[in-house]
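Data block below; observations after.
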Amino acid sequence: MKDWQSKRYWLVGASDGLGAALAHKLSRAGAEVIVSARSEDKLCAVVDALPGRASHQVIDVTDDASVAAAAKAVGKV
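If you're matching positions, the sequence shown starts at -9 in this note's numbering and goes up one per residue.
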């Protein structure tokens, strides 16, 4: 894919490491990025550092209700 503009990606496990690095790459390419993990403070730091449109959604993948609520909040990707 060469055109990332107007694309929307949700990355789970993106509070640091590979997930955060991918969020930066996608954001620099022009995609809107939603990052998720359990640690809201880390997610906020990632979003603040991204150059493009970005937001965060706290999620605990071991909790079905948390996953359902996050999916509903994020919407279509």
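Each residue gets a CB set at the ideal place from its N, CA and C atoms; glycine is no exception.
Express the C-alpha separation of residue 53 and residue 7 in angstroms, rounding to a whole number.
22 Å
Cβ distance (whole Å) where residue 21 is taken to contact residue -2 below 8 Å:
7 Å
Decide if residue 29 is buried, meaning its Cβ has at least 16 other Cβ atoms within 10 Å, or exposed.
exposed
Applying the 10 Å Cβ sphere with the 16-neighbour rule, what's the burial state of residue 17?
buried
What are the uninterrupted segments assigned as beta strand (DSSP E) that are 3 or more residues long and contained completely in the region 6 to 65, given in chain order?
22 to 27 and 44 to 48
Within its chain, find whatever has a CB closer than 6 Å to the CB of residue 46; leave out the 5 residues flanking it on each side and keep chain order.
25, 33 and 37
Length of the line joining the Cα atoms of residue 50 and residue 1
13 Å
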